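Data first, discussion second: the structure below is written as structure tokens.
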Amino acid sequence: MKNFLLFLVGLLLVIVLSFGTIRPLFSPGFFPMHDDTQPARIDQMAKSLISGQFPVRIVGELGYGFGYPLFNFYAPLPYYIGAFFNITGFDALAAAKIMFMIGIVLAGLSMFFLVKEIAGSQAALTSSILYMYAPYHAVDIYVRGAAGEFYALGFLPLILLGIIKITKPFYSSSPSTFARDKLESRSLSRAKSRDLSSRQARTIKQGTIIGSLGFAGVLLSHNILGIITGYFLALFLIVYLCYLLLKKQRLSVVCYLLSVVFLGIGLSAFFTLPAVVEKKYTKVEELTGGGSDFSSHFVYLDQLWNSS
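Have a look at this one:
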């Protein structure tokens with residue numbers, strides 16, 4: 671009971687201490703940012719939902735009134751959240767502010783849950799505060815207005831938390847793990863063995879759900895970070911599989927980790943599938959070719975400290 675109360679106090683502190691970074695959002699009016707179209711996107715998302723379109727792919731009033739397939743290719747999750755508040759009575763500007771507020775609380779809570787799994791509540795509280803107050807988050811909100819990337823960074827810790835929850839029962843030195851169960855199975859009663867196994871299975875299931883929701887959240891929040899995250903997950907799985915083969919350890923954990931990837935893709939397929947299949951109808955190659963080719967924009971070493 672004491673641990674549970676400490677856990678609740680930690681969660682409340684994360685929410686309360688997030689106020690410092692979202693305080694400017696309580697000021698009247700909007701604030702200048704690079705991508706200041708957030709209220710317009712929320713307004714169009716809300717109108718599309720009210721008209722019965724779900725999932726929203728085309729917004730009717732953009733594109734000079736001809737309609738625009740904005741959310742067919744632009745990650746929609748933050749705008750669903752903003753549209754919910756717009757529909758329930760807040761104007762688009764206030765809904766955009768609330769959308770950013772929820773994003774910072776999401777980042778703090780997800781980091782809290784991740785670090786608590788590793789190092790306890792005190793370290794979790796410290797880590798969540800540092801994560802919420804990371805300068806890059808402030809830049810995303812108040813300079814760039816990058817709602818999608820901001821939300822994706824909030825979901826990333828959940829993927830790591832899911833991976834830890836899945837792998838921990840297999841290889842932790844805790845007495846409640848599979849490895850220790852195997853060594854002590856002769857001395858445990860059948861009932862106790864079943865109880866331990868059910869606890870471990872529940873932990874793995876929780877990890878699968880949390881990890882897949884985290885990956886789906888990244889994919890639905892920011893296209894580029896979703897792709898990068900997918901590459902890193904694939905690399906991690908390959909390296910981890912090689913490690914298991916070298917150590918001659920059980921490979922069943924890889925199946926659970928793969929389920930995180932495939933469930934995440936499946937949960938986000940209503941957006942990612944049309945975006946990938948129908949990109950041939952766009953001119954997306956112009957964004958990555960010619961003068962926009964990424965290889966033309968690497969900096970020289972001396973430019974890292976001198977922009978001239």
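Read in order, the letters of the sequence shown are residues 671 to 978 in my numbering.
Each residue gets a CB set at the ideal place from its N, CA and C atoms; glycine is no exception.
Being a predicted model, the structure only gives us computed values, none of them experimental.
Buried is the label assigned to residue 711, since at least 16 other Cβ atoms lie within 10 Å of its Cβ.
In this structure, the straight-line span from the alpha carbon of residue 757 to that of residue 789 is close to 41 Å. Residue pairing by DSSP leaves residue 913 without any beta bridge partner.
By the C-beta density criterion, residue 805 is exposed, having fewer than 16 other C-beta atoms within 10 angstroms. Between the segment 805 to 825 and the segment 906 to 925, the count of Cβ pairs shorter than 8 Å is below three; the stretches do not touch.
In this structure, residue 778 and residue 801 form a Cβ contact; the two beta carbons are roughly 6 Å apart against a cut-off of 8 Å. Residue 744 holds the alpha-carbon nearest to the alpha-carbon of residue 946 among 797, 744 and 917. A contact is defined here as three or more CB-CB pairs under 8 Å, and the segment 767 to 783 meets this definition with respect to the segment 822 to 840.
The three-state reading of DSSP puts residue 729 in strand, counting E and B together.
Taking the CA atoms as reference points, residue 927 sits about 11 Å from residue 880. The beta-bridge partner set that DSSP reports for residue 738 consists of 729. Residue 870 and residue 878 have their C-alpha atoms spaced approximately 12 Å apart. Per DSSP, reduced to three states, the secondary structure at residue 942 is helical. Taking 8 Å as the upper bound for CB-CB distance, residue 942 and residue 895 are not in contact here, some 13 Å apart.
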